[in-house]
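With the numbering used here, the residue at position 3 of the sequence shown is -12, and numbering never jumps.
Some notes on the structure that comes next.
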Amino acid sequence: QVQLAESGGGLVQPGGSLRLSCAASGINIFSRVAMGWYRQAPGKQRELVAGITSVGVPNYADSVKGRFTISRDNAKNIAYLQMDSLKPEDTALYYCYADYVGRHWGQGTQVTVSS
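Spelled out as structure tokens, the structure:
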């Protein structure tokens, strides 16, 4: 059974940074799995933030390019989302996903950017 556990969310001031982690279990070969992050703000649709392919090629939403960095540690079965220069509009519930015989989702971690 695939399980994804997000961590690292919290409250941060505008301009600050956070690093989200997504620890995966139940995946035989983590290095072959595409991973990524979506977010959903209140009253809005869930949107893709960033993804990373099994070979480490990243892609980003235009709204976060140059500020967010996605990475993965295949030895630890963890994907990361480094978020810098955070803005109030980045406030949302952030969900990790993994594409392994279908798409799997984590429970989400809240990110709040506010002064």
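Glycine included, C-beta positions come from ideal geometry on N, C-alpha and C.
Please read these numbers as outputs of a predicted model, since none were measured by experiment.
Query, Result
"If you follow the beta strand (DSSP E) that N13 is in, where does it begin and where does it stop?", "From DSSP, N13 is part of no beta strand (DSSP E); its letter is neither H nor E."
"Using CA atoms only, rank isn't needed, just tell me which of Y82, E32, I14 and K50 is closest to Q67.", "K50"
"If you check the beta carbons only, do G0 and V96 fall under 9 Å apart?", "no"
"Name the two residues that bound the continuous beta strand (DSSP E) containing T54.", "F53 to D58"
"Buried or exposed, going by whether 16 or more other CB atoms sit within 10 Å of the CB of I37?", "buried"
"Is the Cβ-Cβ distance between T94 and S2 less than 9 Å?", "no"
"Identify the residues that DSSP records as bridge partners of T97: which are they?", "L(-4)"
"Indicate the three-state DSSP secondary structure (helix, strand or coil) for D84 in the structure shown.", "strand"
"What is the rounded straight-line gap between the Cα of F53 and the Cα of G11?", "27 Å"
"Among residues of its own chain, excluding the 5 on either side of E32, which ones have a beta-carbon nearer than 7 Å to its beta-carbon?", "Y23, R24 and A46"
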